[in-house]
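K.L.:
Below you will find the structure I want to go over with you.
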Amino acid sequence: MKPVFLQLQCFPGKTYEVAAALFEREIVSELYSTSGDYDLLMKIYIPEDQDVGKFINDNVLDIAGIARSLTTMTFTAF
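Counting in UniProt numbering, the sequence shown runs without a single skipped number right up to 78 at its last residue.
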């Protein structure tokens, strides 16, 4: 599994609905509300055999209320 961090900017008043939808899909390992340009920070694990972009598009970005996202890939440093 590949750990990926994803920040989501939600339309005004939609953050709680987006968070609830993410939990319903059971794909979130960790989910935090944040301050700044983005409203939510999530950690997800993507199966090794799946394309990261396609997985995020198919499982996250189709949720109503998401305005923008920023994906941070992780790598094993040591």
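Ideal placement from N, C-alpha and C gives every residue a C-beta, glycine not left out.
Is DSSP giving residue 18 helix, strand or coil here?
P.N.:
Three-state DSSP puts residue 18 in a helix.
K.L.:
Can you give, in chain order, each stretch of the alpha helix (DSSP H) that sits fully within the segment 31–75 and has at least 4 residues?
P.N.:
List check, alpha helix (DSSP H) in window: 52–59.
K.L.:
Would you mind working out which of 41, 2, 1, 25 sits nearest residue 15, comparing C-alpha positions?
P.N.:
It is 41 whose Cα lies nearest to the Cα of residue 15.
K.L.:
By a C-beta neighbour count over all protein chains shown, 10 Å radius and 16 as the cutoff for buried, is residue 67 buried or exposed?
P.N.:
Looking at its Cβ environment, which holds fewer than 16 other Cβ atoms inside 10 Å, residue 67 is exposed.
K.L.:
To the nearest whole angstrom, what separates the beta carbons of residue 25 and residue 59, a pair I think is in contact under 8 Å?
P.N.:
So it is a contact: roughly 6 Å between Cβ atoms.
K.L.:
Quick check: what's the CA-CA separation for residue 3 versus residue 70?
P.N.:
Residue 3 and residue 70: Cα-Cα distance of roughly 14 Å.
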